[in-house]
Amino acid sequence: MAGNTYEVLGPWAEADPIPSRGINTRVTALAGKKIGLYRNGKRAAEPTLKVVEDRLKKRYPTTTFTSFFNMRANEAIIEQDVKGQFEDWLKEVDAVIAAYGD
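The numbering of the sequence shown is our numbering, which starts it at 486 and goes up by one.
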């Protein structure tokens, strides 16, 4: 084994210099906003969003909430027959908080 050499590779790649950004402008304040709560059908998603909603209601009493539930957890909502309903729901909210129960 003496005299053998090994090349050590690091797991880091070159980073893309373009900073990531959201598809919409971030909401700067939650007071008075309508927040959409989106969840899939996994068991932990519903109680997770319930805790989030309860805490946000205490902190921002003028904020309202509405929910959308994706019953088919492993299928994209845009590929389902409720795509139109989902898109209409999105137009009614200022921001969305999503929970996936995994």
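All C-beta atoms in this analysis are idealised placements derived from N, C-alpha and C, irrespective of residue type, glycine included.
Residue i: which of the options sits nearest, CA to CA?
{"i": "residue 569", "options": "501, 524 and 553", "result": "553"}
{"i": "residue 555", "options": "491, 549, 564 and 496", "result": "564"}
{"i": "residue 518", "options": "506, 545 and 487", "result": "545"}
{"i": "residue 586", "options": "514, 580, 539 and 532", "result": "532"}
{"i": "residue 521", "options": "501, 538, 489 and 543", "result": "538"}
{"i": "residue 525", "options": "571, 580 and 576", "result": "571"}
{"i": "residue 527", "options": "567, 566, 557 and 576", "result": "557"}
I need the boundaries of the beta strand (DSSP E) containing residue i, first residue and last residue.
{"i": "residue 581", "result": "580-584"}
{"i": "residue 551", "result": "549-555"}
{"i": "residue 542", "result": "Careful: residue 542 lies outside any beta strand (DSSP E), inside the alpha helix (DSSP H) at 530-544."}
{"i": "residue 511", "result": "Unbroken run through residue 511: none, as it is neither H nor E."}
Taking its Cβ as the centre, do 16 or more other Cβ atoms sit within 10 Å of residue i, making it buried, or is it exposed?
{"i": "residue 494", "result": "exposed"}
{"i": "residue 498", "result": "exposed"}
{"i": "residue 508", "result": "exposed"}
{"i": "residue 489", "result": "exposed"}
{"i": "residue 506", "result": "exposed"}
{"i": "residue 523", "result": "buried"}
{"i": "residue 584", "result": "buried"}
Using 8 Å for Cβ pairs, my map puts residue i next to residue j. What's the rounded Cβ distance?
{"i": "residue 534", "j": "residue 503", "result": "Their Cβ separation, rounded to whole angstroms, is 32 Å, which puts residue 534 and residue 503 out of contact at 8 Å."}
{"i": "residue 551", "j": "residue 578", "result": "6 Å"}
In the DSSP assignment, find the unbroken alpha helix (DSSP H) run with residue i in it and report its ends.
{"i": "residue 655", "result": "Past the boundaries of the shown model lies residue 655; the chain is included only from 486 to 587, so the question cannot be answered."}
{"i": "residue 569", "result": "568-576"}
When you measure from the CB of residue i to every non-hydrogen atom of the ligand MG, does any distance come out below 8 Å?
{"i": "residue 517", "result": "In terms of ligand content, the structure shown is empty, and the ligand MG therefore cannot be addressed."}
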